[in-house]
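Enquirer: Next up is a structure, given as structure tokens.
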């Protein structure tokens, strides 16, 4: 069905330097709002200077520049976002380029509603310009298509006036307005006339069957710059005359320096100053965002001088209240909770009467699972450059949510966030780690203190030891089966992580209960690709295989029985309003059909085939994994993936996300683990935090995208949660050895 855009004065349009420039008002929810930092509405003279964000620029040579509102960190938004605009604009994709839009902030009027910021206690509205939670495509899909449709409509009307023909006699294709009488007018010839027009009262959006760009395979924008080493990442960013800083942070959790001797460090040529940074850490849920670990900063003319001097610092650290924390002690506490009656835990969900159902069950299936703490290790270590001299207040950094840095600038400088300039760049990976503000806060604080531009750079050791870690987890399951092998009761105890328990099989089993226990810890935990889902996917989808075996059923059959009948269940989690069991069942069927699932029991000795699915942030994914295990050595032969993310925008990008998430998950499953001893992280670099090597990677990955007219949902975090259980289930099928504890390393040896 064709959608209709109905918005008066939807775009602000001007002619600048011979180009047609279109910007959207800040409000993406229908409000007519143009004021940014108290500025007047944009005109031809001030449109570029006001931080409204330029979505579309059509030049006289018929080339088009499209603004990408969301951060690019490898998930493909620099391609998928412009594709939405270009589709409705009928742009020539081969003559289109992309630029990252500047941050858009606007101070909210008193009691003004309609913004996520307002509900979270912030005083400033921002369009959704972040990158996290697999939300970029979902939140901007209609908004950006409307922008393209509105501009196309202006161009058609300008052409109709020039030719003296009805608009209905014209069509558009590849940046031309075409009249069937023979005229082909390039958009570049119409820009002045189009800029003089106002928006129509209503503009139709295309129906999916009319798409020529959305739903196709498009190579990523900016690939040439990446492979040729152009300075496109945050770590490349500079200020003229800037200083370099590295920070010695406490190896102990939540502590800072008691005293230090910097005499030897100051003797290093190029060292400018050595400053103690206080520990400033906002309470969870606070609207204050400035985050400083505390430590000792070495500021020098070059990065290498700063790093050399840091090694010469003699620091006595406060060991803090968590000096005795260790992985062994924490896991003992988790096991104590799982061995209890669970009364100490918080009830996360309870349906029906679990105890009665279990007591009346024909058979009880019970198992316990665990996973270790994980760190992010983004390809690009953290860095941020700030220039906080009076009246400048500029930050250049790779960050998933630039508005958060603007708040930090405001806190330090005592200004309005709209006065800050936040210049972001492509992120060399994010996965949730570049959501916190700590590395940006250090640059902001030091630059403000010194009144000079300062760039803070983290080393890989800093990155691993001062991470916003993924929580470790232990789970204990009990499932009750009746005489027909049907699940009649389900009890789930979770130690250290209670997130995302409203996925499979919650709501599908009449008697269901989940309780969680959060022990104290000094570690800083944060978002990590598919937060919560990455743990629950492994445990839930592994245990359902154990339940299937106890019931004498095929693992696919058991899943489909639990998911049946197809229905939409209210989803009180995050990222979706409901969970469609039919769509989950469908990705399982598609993955199974394309992997010869029915032949799994005819595989040669030592071969195994496992299946799993998961619902993550509104999308559905299933994997089937084939493995061979010989003499304790694991070989991953093939992964077959099915994904339902609604309307596919860039199919090539979706395939890349599915492949990347699968590889990430396999690496986690095989090796990755952070350990704590004496209140400190043990691992420091890749020599101790082991990632998957290329010879361990799957030999083949086949991705099947399910065609859908549903509103698009995200893919960045979707592939990882089900890949780990699909792998461990395949290992069990091949060897009879059940993997209940991650990582797998050394568990397959005889």
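In the working numbering, the protein residues as written are 617 to 1366. C-beta: ideal position from N, C-alpha, C; glycine also.
Within 10 angstroms of the Cβ of residue 700, are there 16 or more other Cβ atoms? Answer buried if so, exposed if not.
Expert: Looking at its Cβ environment, which holds 16 or more other Cβ atoms inside 10 Å, residue 700 is buried.
Enquirer: Should residue 1231 and residue 1200 be called a contact, given that it needs their Cβ atoms to be closer than 9 angstroms?
Expert: Yes, Cβ-Cβ distance for residue 1231 and residue 1200 is below 9 angstroms.
Enquirer: Count Cβ pairs between the segment 1248 to 1256 and the segment 1103 to 1123 that sit closer than 8 angstroms; are there 3 or more?
Expert: With the cut-off at 8 angstroms, the segment 1248 to 1256 and the segment 1103 to 1123 do not touch.
Enquirer: Please specify which runs of the beta strand (DSSP E), each continuous and at least 3 residues long, are wholly inside the segment 1098 to 1151, giving them in chain order.
Expert: Within the segment 1098 to 1151, the complete beta strand (DSSP E) runs of at least 3 residues are 1103 to 1111, 1128 to 1133.
Enquirer: Quick one, are the C-beta atoms of residue 963 and residue 916 less than 9 angstroms apart?
Expert: Not in contact: residue 963 and residue 916 (Cβ atoms no closer than 9 angstroms).
Enquirer: Can you give me the C-alpha to C-alpha distance between residue 1066 and residue 877, rounded to a whole angstrom?
Expert: Cα to Cα, residue 1066 sits roughly 21 angstroms from residue 877.
Enquirer: Taking the C-alpha atoms as reference points, what is the distance between residue 831 and residue 1265?
Expert: The straight-line gap from Cα to Cα measures roughly 5 angstroms.
Enquirer: Residues in its own chain within less than 7 angstroms of residue 1268 by CB, not counting five upstream and five downstream?
Expert: 833, 834, 835, listed in sequence order.
Enquirer: Ignore the nearest five residues each way along the sequence and tell me which others in residue 1187's own chain have a CB closer than 7 angstroms to its CB.
Expert: 1118, 1193, 1194, 1195.
Enquirer: Kindly identify the DSSP beta-bridge partner or partners of residue 876.
Expert: Looking at the DSSP assignment, residue 876 forms a beta bridge with 931.
Enquirer: Tell me which same chain residues have a C-beta within less than 7 angstroms of the C-beta of residue 998, skipping the five on either side of it?
Expert: So the qualifying residues of the chain are 1055, 1074, 1079.
Enquirer: Which term fits residue 1325, buried or exposed, when burial requires 16 or more other beta carbons within 10 angstroms of its beta carbon?
Expert: When all chains shown are included, residue 1325 counts as exposed.
Enquirer: If you run the structure through DSSP and keep just helix, strand and coil, what is residue 1355?
Expert: Here residue 1355 sits in coil by DSSP.
Enquirer: May I ask which residues mark the beginning and end of the alpha helix (DSSP H) holding residue 762?
Expert: 752 to 779 is the extent of the alpha helix (DSSP H) around residue 762.
Enquirer: Looking at residue 974 and residue 1094, is the spacing between their C-beta atoms short of 9 angstroms?
Expert: Yes, the pair counts as a contact, with Cβ atoms nearer than the cut-off.
Enquirer: Rank 1303, 1175, 801 by C-alpha distance to the C-alpha of residue 1159 and give the top, closest one.
Expert: Residue 1159 has its Cα closest to that of 1175, out of 1303, 1175, 801.
Enquirer: Please report the straight-line C-alpha distance between residue 1372 and residue 1156, rounded to a whole angstrom.
Expert: Outside the shown range of the chain (617 to 1366) lies residue 1372, about which nothing can therefore be said.
Enquirer: Looking at the structure shown, is residue 1032 part of a helix, part of a strand, or coil, going by DSSP?
Expert: Three-state DSSP puts residue 1032 in coil, outside helix and strand.
Enquirer: Give the DSSP-derived three-state secondary structure of residue 960 in the structure shown.
Expert: Coil at residue 960, not helix or strand.
Enquirer: Which whole-angstrom value describes the C-beta separation of residue 885 and residue 921, a residue pair presumed to lie in contact below a C-beta threshold of 8 angstroms?
Expert: Yes, they are in contact, since the Cβ atoms of residue 885 and residue 921 sit about 6 angstroms apart, within 8 angstroms.
Enquirer: Could you please give the first and the last residue of the uninterrupted alpha helix (DSSP H) stretch that includes residue 1254?
Expert: Element bounds for residue 1254: not the alpha helix (DSSP H) but the beta strand (DSSP E), 1249 to 1260.
Enquirer: Anyone know if the C-beta pair for residue 810 and residue 629 falls short of 9 angstroms?
Expert: Yes, the Cβ-Cβ distance between residue 810 and residue 629 is below 9 angstroms.
Enquirer: For residue 1203, which of helix, strand or coil comes out of DSSP?
Expert: Here residue 1203 sits in helix by DSSP.
Enquirer: Check the C-beta distance from residue 851 over to residue 1014 and give it rounded, since I have them as a contact under 8 angstroms.
Expert: Yes, they are in contact, since the Cβ atoms of residue 851 and residue 1014 sit about 7 angstroms apart, within 8 angstroms.
Enquirer: Under the three-state reduction of DSSP, which class applies to residue 1216: helix, strand or coil?
Expert: Helix, per DSSP.
Enquirer: Examine the Cβ distances between the segment 899 to 913 and the segment 1034 to 1054 and report whether three or more of them are shorter than 8 angstroms.
Expert: Touching, yes, given that three or more Cβ pairs across the two stretches are closer than 8 angstroms.
Enquirer: Assign residue 1360 to one of three DSSP states: helix, strand, or coil.
Expert: Residue 1360 falls in the coil class under three-state DSSP.
Enquirer: So is residue 1356 buried or exposed if we call it buried at 16+ other beta carbons inside 10 Å?
Expert: Burial call: buried.
Enquirer: Can you give the Cα-Cα distance for residue 636 and residue 674, rounded to whole angstroms?
Expert: Cα-Cα distance, rounded: 5 angstroms.
Enquirer: What residue does the beta strand (DSSP E) around residue 721 start on, and which one ends it?
Expert: It spans 721 to 723 - the beta strand (DSSP E) in which residue 721 sits, taken as one unbroken run.
Enquirer: Cβ atoms of residue 1331 and residue 691: under 9 angstroms apart, would you say?
Expert: Yes, the Cβ-Cβ distance between residue 691 and residue 1331 is below 9 angstroms.
Enquirer: If you measure between the beta carbons of residue 821 and residue 775, is that distance less than 9 angstroms?
Expert: For residue 821 and residue 775, no; Cβs fall outside 9 angstroms.
Enquirer: Do three or more CB pairs link the segment 1097 to 1109 to the segment 1127 to 1135 at distances below 8 angstroms?
Expert: Contact holds: three or more Cβ-Cβ distances are below 8 angstroms.
Enquirer: Tell me the residue span of the alpha helix (DSSP H) that contains residue 945.
Expert: Per DSSP, residue 945 belongs to the alpha helix (DSSP H) from 943 to 955.
Enquirer: When burial is assigned at 16 or more other CB atoms within 10 Å of the CB, is residue 1217 buried or exposed?
Expert: Label assigned to residue 1217: exposed.
Enquirer: Which value, in whole angstroms, describes the spacing of the CA atoms of residue 1205 and residue 1238?
Expert: Cα-Cα distance, rounded: 9 angstroms.
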